[in-house]
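Novice: In my numbering, the protein residues as written are 20 to 406. My questions will all concern the structure given below.
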Amino acid sequence: SHDGDVSVNYGYKDSWVIKLDASGNIQWQKTYGGPNDDSASSIRQTTDGGYIVAGYKSMAPPTLVGGNKDFWIIKLDALGNIEWEQTYGDPSGWEEAHSIEQTTDGGYIVAGYSSSPYGYVIGNHGANDYWVIKITATGILQWQQSLGSSTNDVAQSVKQTTDGGYIVSGYSILQGDGGSPDYDFWIVKLNSTGTTLWQNFFGGSMDDRPVGLDSTPDGGCIVAGFFYSYDPITGFPQSDFGVIKLNALGNVEWQNSYGGTYNQGASSIQRTSDGGYIIGGFTQTANVTSDFLVIKLTGNQLGTRENTIKSNISIYPNPAKDFVTIDHLPAGATISIHDMSGRKIFNKKYSEAKVSINTSAFSSGAYIVQVDDQEKTILSEKLTIKK
20 SHDGDVSVNY GYKDSWVIKL DASGNIQWQK TYGGPNDDSA SSIRQTTDGG
70 YIVAGYKSMA PPTLVGGNKD FWIIKLDALG NIEWEQTYGD PSGWEEAHSI
120 EQTTDGGYIV AGYSSSPYGY VIGNHGANDY WVIKITATGI LQWQQSLGSS
170 TNDVAQSVKQ TTDGGYIVSG YSILQGDGGS PDYDFWIVKL NSTGTTLWQN
220 FFGGSMDDRP VGLDSTPDGG CIVAGFFYSY DPITGFPQSD FGVIKLNALG
270 NVEWQNSYGG TYNQGASSIQ RTSDGGYIIG GFTQTANVTS DFLVIKLTGN
320 QLGTRENTIK SNISIYPNPA KDFVTIDHLP AGATISIHDM SGRKIFNKKY
370 SEAKVSINTS AFSSGAYIVQ VDDQEKTILS EKLTIKK
């Protein structure tokens, strides 16, 4: 901004933090940044009354092709003054922080993505990966974890769970039907030191992206975002609010979509004091303008009809060796299998209720079997292959 309504502008884009009172009046506003592009994506109040901000800091002007970005964390006091700031990332890579949360030990957990193949980010898988870092109360790096496949994987949110571990949600871009990119929910559970405990994928043959995340008292989580499907009347793709409740083991307790005639999408979800959930997002109108949309849910949600089907589907033997059978499928179900790096290694649509899949070429290890019906994930279950 160059017209005086923002206190200071340091260069291209800056981070801008505004503190409001309970009536919405501005108490203070401050900008933070340097001569290049800088952006804030997440802010939380800390236990000392201050604030922690996460985003990215550019190390080169946007006019320079190939300029890199790093995770950028700023600790503010209650009046917005900087107590400390720190960047994390490869000097030649590209990292953006999307979510930050203060942890029970007073430190912070941060999630976003990294495209660093040069060694600073340990375990890069190619393209963009989930990048999760744990830092102390003063910004010292304690551990880092890179998760992903050879395609693009972007973490959007992170929350600490009741057992001291972490839930990370985001999307993975896999190869869909016909070879086109397919965005799916990818939820990962980490323990307190960053080791993966479980992971699940959710999504149909079209794009599905999670944006909001909150942990739940049972050790699970609630995830909200976009579910895309074809409108049966217009024949065009349309998005709805998509909400999935997972238990502490990553199993689906219920999932629902909420929508109308035009596009809707969730941007944030939070558990409320009455045990329900509040969701914020947008809804489009006939003239393609958008409005805020807020939905309040009770804590006792009934899942979509697919969850009834899900309870009847069986996978056996498990562990398997050369073949695995999947029984009680709805007509027209699509089965996909992912390895633990998130790569889709099998995908096929079936009309039969019982199918047998040849797994003789699969290496020993753990896989995720996903069953989709009518653009909704109705089963996501771990399969073990033992040779």
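Beta carbons: idealized from backbone N, C-alpha and C, even for Gly.
Going by alpha carbons, who is nearest to Phe220 out of Ile159, Ile356 and Lys367?
Specialist: The residue given as residue 220 occupies position 201 in the sequence shown. Here the closest residue by C-alpha is Ile356.
Novice: Can you list, in chain order, the residues of its chain with a C-beta nearer than 6 angstroms to that of Gly213? Leave out the 5 residues immediately preceding and following it.
Specialist: The sequence position of residue 213 within the sequence shown is 194, counting from 1. Trp162 and Gln164, listed in sequence order.
Novice: Just to confirm, is the Cβ distance from Gln179 to Glu120 under 8 angstroms?
Specialist: Counting from one through the sequence shown, the residue named residue 179 turns up at place 160. Counting from one through the sequence shown, the residue named residue 120 turns up at place 101. Yes. Within cutoff.
Novice: What are the boundary residues of the beta strand (DSSP E) that includes Asp400?
Specialist: Here residue 400 refers to the residue found at position 381 of the sequence shown. Looking at the sequence provided, one finds Glu at residue 400 rather than Asp. Per DSSP, Glu400 belongs to the beta strand (DSSP E) from Lys395 to Ile404.
Novice: Label Ser169 either buried or exposed according to how many other C-beta atoms from any shown protein chain fall within 10 Å of its C-beta, with 16 as the threshold for buried.
Specialist: Here residue 169 refers to the residue found at position 150 when the sequence shown is read from its first residue. Answer is exposed; the Cβ neighbour count stays below 16.
Novice: Have a look at Asp56, Val129, Ile141 and Val36 and flag the residue whose alpha-carbon is nearest the alpha-carbon of Asn100.
Specialist: If you number the sequence shown from 1, residue 100 lands on position 81. Looking at the Cα atoms, Val36 is the closest of the given residues.
Novice: Does the beta-carbon of Pro54 have 16 or more other beta-carbons within 10 angstroms, so that it is buried, or is it exposed?
Specialist: For this step, residue 54 is matched to residue 35 along the sequence shown. Pro54 comes out exposed.
Novice: What is the DSSP secondary structure of Glu102, reduced to helix, strand or coil?
Specialist: As a first step, residue 102 is located in the sequence shown; it is residue number 83 there, counting from the start. DSSP places Glu102 in strand when its eight states are reduced to three.
Novice: Just to confirm, does Thr66 get its C-beta within under 7 angstroms of one of the non-hydrogen atoms of the ligand SAM?
Specialist: The model depicted lacks the ligand SAM and carries no ligand whatsoever.
Novice: Need the endpoints of the beta strand (DSSP E) that Trp113 sits in, please.
Specialist: Within the sequence shown, the letter at position 94 stands for residue 113. Taken as a continuous stretch (DSSP letters only), Trp113 belongs to no beta strand (DSSP E), as it is neither H nor E.
Novice: Give me, in chain order, the residues of the same chain whose beta-carbon lies closer than 7 angstroms to that of Asn44; leave out the 5 immediate sequence neighbours on both sides.
Specialist: To locate residue 44, count along the sequence shown from 1; it is residue 25. So no residue of the chain qualifies.
Novice: Could you round the C-beta distance between Gly131 and His117 to whole angstroms and report it? I think they count as a contact, below 8 angstroms.
Specialist: In the sequence shown, counting from the first residue as 1, residue 131 sits at position 112. In the sequence shown, counting from the first residue as 1, residue 117 sits at position 98. In this structure Gly131 touches His117 by the C-beta definition: roughly 4 angstroms separates them, less than 8 angstroms.
Novice: Alpha carbon to alpha carbon, what distance is there between Pro338 and Gln274?
Specialist: For the purposes of this step, residue 274 is identified with residue 255 of the sequence shown, where counting begins at 1. For the purposes of this step, residue 338 is identified with residue 319 of the sequence shown, where counting begins at 1. Rounded to whole angstroms, Gln274 to Pro338 spans 27 angstroms at the Cα level.
Novice: Given Val72, which residues of its chain have a CB within under 6 angstroms of its CB, disregarding the five upstream and five downstream residues?
Specialist: For the purposes of this step, residue 72 is taken as the residue at position 53 of the sequence shown. Excluding residues within five positions, the ones whose Cβ falls inside 6 angstroms are Ala59, Ile62 and Ile93.
Novice: Kindly list the residues whose CB is nearer than 8 angstroms to the CB of His140, restricted to its own chain and excluding five residues on each side of it in sequence; keep chain order.
Specialist: Counted from its first residue, the sequence shown places residue 140 at position 121. Looking at the sequence shown, residue 140 is not His but Val. So the list reads Gly108, Asp109, Gly112, Glu114, Ser133, Asp148, Trp150, Gln163 and Ser165, once near-sequence residues are dropped.
Novice: Determine the contact status of Ala285 and Phe311, defining contact as a CB-CB distance below 8 angstroms.
Specialist: Reading the sequence shown from its first residue, position 266 is the one you call residue 285. Reading the sequence shown from its first residue, position 292 is the one you call residue 311. No, these two residues do not count as a Cβ contact at 8 angstroms.
Novice: Between which two residues does the beta strand (DSSP E) harbouring Asp96 extend?
Specialist: Sequence index remark: in the sequence shown, residue 96 carries index 77 (1-based). Careful: Asp96 lies outside any beta strand (DSSP E) and carries neither H nor E.
Novice: Quick one, are the C-beta atoms of Arg228 and Tyr190 less than 8 angstroms apart?
Specialist: Along the sequence shown, read from residue 1 onward, the residue named residue 228 stands at position 209. Along the sequence shown, read from residue 1 onward, the residue named residue 190 stands at position 171. Yes, these two residues count as a Cβ contact at 8 angstroms.
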